[in-house]
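Notes follow once the structure below has been shown.
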Amino acid sequence: MSGASAGRRVPMHAHRFPKTARVRAAGDFSHAFAGGRRAGGRYFRAVFLARPDAAAPRNARLGMAISRKVDKRAVERNRIRRLIREWFRHRHAQWIPGDLVISGKPEASGVDAAQLFADLDVLVRRLGLKDAPAPSTMADSSRTSLPGDDS
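Here the numbering used here runs 59 ahead of the position in the sequence shown, where the first position is 1.
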């Protein structure tokens, strides 16, 4: 075993982005845009629709709208999507249940990951998504570092 993989290994499936964590249906996007709280940042716009009803999923879900207006190159749009998913995976556990839809702005193109993560964190604070941490969560999980996060 090399130094990088020494110790306990985390299975790869623990880092997946499951279907239950995604906003996929057009109707779900429409409901969020029609009735959700909105916030805007430097690189993104966000809409959040709380889902307190019993039929809804018991976790936060992510939807993304990163269009060609953000960047005409698919490579850059996909990079932004990957970074948003990575940010979401590390932070959504302490949020109230609901649907979060992130829309990109053209200013997001070419910006490094740390700046994008910081803007997304600001949007979450503005939307008031943070819930009290569950007793089973790790201590201070809000300090999870992400790739490109120098704080």
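Heads up, the beta-carbon is just placed ideally off N, CA and C, and yes, glycines get one too.
The structure displayed is predicted, hence computed values, not measured ones.
Cβ-Cβ distance between residue i and residue j below 8 Å
i, j, result
"Leu237", "Phe103", "Residue 237 cannot be examined here, being either before or after the span of the chain that is shown, 60 to 210."
"Ala105", "Ile161", "yes"
"Lys189", "Gln153", "yes"
"Pro156", "Arg110", "yes"
Own chain residues within Cβ distance below 8 Å of residue i, not counting five before or after
i, result
"Phe92", "Val106, Val160"
"Gly122", "Arg81, Val82, Arg83, Asp87, Phe88, Ala91, Asp158, Leu159, Val160, Ile161"
For residue i, the three-state DSSP class (helix, strand or coil)
i, result
"Leu108", "strand"
"Arg184", "helix"
Same chain, Cβ closer than 6 Å to residue i, five either side skipped, listed in chain order
i, result
"Gly95", "Val106, Phe107, Leu108"
"Phe147", "Leu121"
Burial state of residue i, where buried means 16 or more other Cβ atoms lie within 10 Å
i, result
"Gly213", "No statement about residue 213 is possible, as the shown extent of the chain runs from 60 to 210 and does not include it."
"Val134", "exposed"
"Ala85", "exposed"
"Gly187", "exposed"
"Phe213", "Coverage of the chain is limited to positions 60 through 210, which leaves residue 213 absent and any answer about it impossible."
"Arg263", "For residue 263 there is no data in the structure shown, the boundaries of the chain being 60 and 210."
Own chain, CB closer than 7 Å to residue i, minus 5 neighbours either side, in chain order
i, result
"Lys128", "Pro165"
"Leu182", "Ala98, Gly100, Phe103, Ala105"
"Ile125", "Arg136, Ile139, Arg140, Gly163"
8 Å Cβ cutoff, residue i in contact with chain B
i, result
"Arg148", "Among the chains in the structure shown there is no chain B, since it carries only a single protein chain."
**Item:** Whole alpha helix (DSSP H) elements within the region 85 to 171, 4-residue minimum
**Value:** 85 to 94, 133 to 150
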